[in-house]
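What follows is a set of notes on a single structure, which appears directly below.
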Amino acid sequence: MASSRSREGPAPSPAEWLTQLSGDIEHYAGTISTRLGQMAYLQVEMKAQMDRAATAVGTLGRQGSLVPSEWILRVANEIAGSMQSLEAVVGNFKGRHEEILGSLAALSSALGPCVQRAWEAEEGRGRGAT
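Under this note's numbering, residues 1365 to 1494 are what the sequence shown spells out, in order.
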């Protein structure tokens, strides 16, 4: 995750690098959390759209339309199958990203003491140099 730096600038200290890494992890975790929230919203919207489509197909069948009932049933079954497939995909997506969030949280938790020790070591070197 090291950012590309020009050769003109000094290399970051370990404490600075770890602090940046910690900030990056928090940023990525926040981005994933936001995306999961958006997915949950879109999942509700998708279900509502599918419900409206199923209701429209059901209404079409009850109104004695010229469309054969087996076609209406086929469309209704396709809608139900599509909904189940989409729910499975969304569930897998959310599950995987929740695992990633858990891993990022564990990494962040483990990184915290490292950052603190790196800054303490850097401060100790600064006092020893004066």
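Virtual Cβ for every residue (Gly too), placed ideally from N, Cα, C.
Quantities reported herein were computed from a predicted structural model and do not represent experimental measurements.
Using DSSP with H/G/I as helix, E/B as strand and the rest coil, what is residue i?
i	result
Q1448	helix
G1401	helix
P1477	helix
Q1427	coil
A1375	coil
Measure the Cβ-Cβ separation of residue i and residue j and say whether it is below 8 Å.
i	j	result
L1475	L1400	no
W1483	A1379	yes
Skipping 5 residues on each side, what residues in its chain have a beta carbon closer than 8 Å to that of residue i?
i	result
I1389	L1468, L1471, S1472, L1475
V1439	V1421
I'd like the list of long-range same chain contacts for residue i, defined as Cβ closer than 7 Å, with 5 residues on each side in sequence excluded.
i	result
E1465	Note on residue identity: the sequence assigns Leu, not Glu, to residue 1465. Closer than 7 Å at the Cβ level, and outside the excluded window around L1465, lie A1393, I1396, S1397.
E1434	none
Within the same chain, show all residues whose beta-carbon is closer than 6 Å to that of residue i, passing over the 5 residues directly before and after it, in chain order.
i	result
A1366	Confidence at A1366 is low in this model, with a pLDDT of 48, below 50, so the placement of that residue is unreliable and no value is reported for it.
H1461	I1396, L1400
V1479	L1382, T1383, S1386
M1447	M1414
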